[in-house]
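Visitor: I'd like to ask you about the structure that follows.
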Amino acid sequence: MIISHNKVLRILALGSPWARAIALYPFVFIKKECVGNKIIINHEKIHLRQQLELLILPFYALYGLSYLRNRLFGMSHIVAYRNILFEKEARNKENDLSYLSSRKCFSFLKYI
33 MIISHNKVLR ILALGSPWAR AIALYPFVFI KKECVGNKII INHEKIHLRQ QLELLILPFY
93 ALYGLSYLRN RLFGMSHIVA YRNILFEKEA RNKENDLSYL SSRKCFSFLK YI
């Protein structure tokens, strides 16, 4: 389910002004001006699939730990975020709007 609400998105993204969308199973929260952007929506749908594969809560734990590990290795916030394996898969495949129909389980592991 896609929910368009800028203020809610800003809260869920911990105040980040650059967040355009966030996937929190089973919802995608998206900025109003991005609702028609199929690439952003596809990116977030890839995250929803990742969340399901890891039974939701472990996804969030691994996501956060991956970010923290990247920061501990000296990466800046944005570089650490972009190097989260879940983000790598979603960013790499977001332009392929048919990706989810052929995606294999745990495909994010290719980005370790």
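To get my numbering, take the position in the sequence shown, counting from 1, and add 32. Cβ coordinates follow ideal geometry from the N, Cα and C atoms, glycine included.
1) Quick check on DSSP: helix, strand or coil for isoleucine 78?
2) If we call anything under 8 Å between Cβ atoms a contact, is tyrosine 92 one with lysine 120?
3) State the Cα-Cα distance for the pair asparagine 115 and lysine 125, rounded to the nearest angstrom.
4) Leaving out the 5 sequence neighbours to the left and right, which residues in its chain are closer than 8 Å to arginine 103 when beta-carbon positions are compared?
5) Indicate the three-state DSSP secondary structure (helix, strand or coil) for valine 67 in the structure shown.
Guide: With the given structure in hand:
1) In the sequence shown, residue 78 corresponds to position 46, counting from 1. Isoleucine 78 falls in the helix class under three-state DSSP.
2) As a working mapping, residue 92 is identified with position 60 in the sequence shown. As a working mapping, residue 120 is identified with position 88 in the sequence shown. Cβ distance not < 8 Å, so tyrosine 92 and lysine 120 don't count as in contact.
3) Looking up residue 115 in the sequence shown gives position 83. Looking up residue 125 in the sequence shown gives position 93. Cα to Cα, the separation comes out at about 15 Å.
4) Along the sequence shown, read from residue 1 onward, the residue named residue 103 stands at position 71. These residues qualify, in order along the chain: His109 and Ala112.
5) Taking the sequence shown and counting its residues from 1, one reaches residue 67 at position 35. It is coil, neither helix nor strand.
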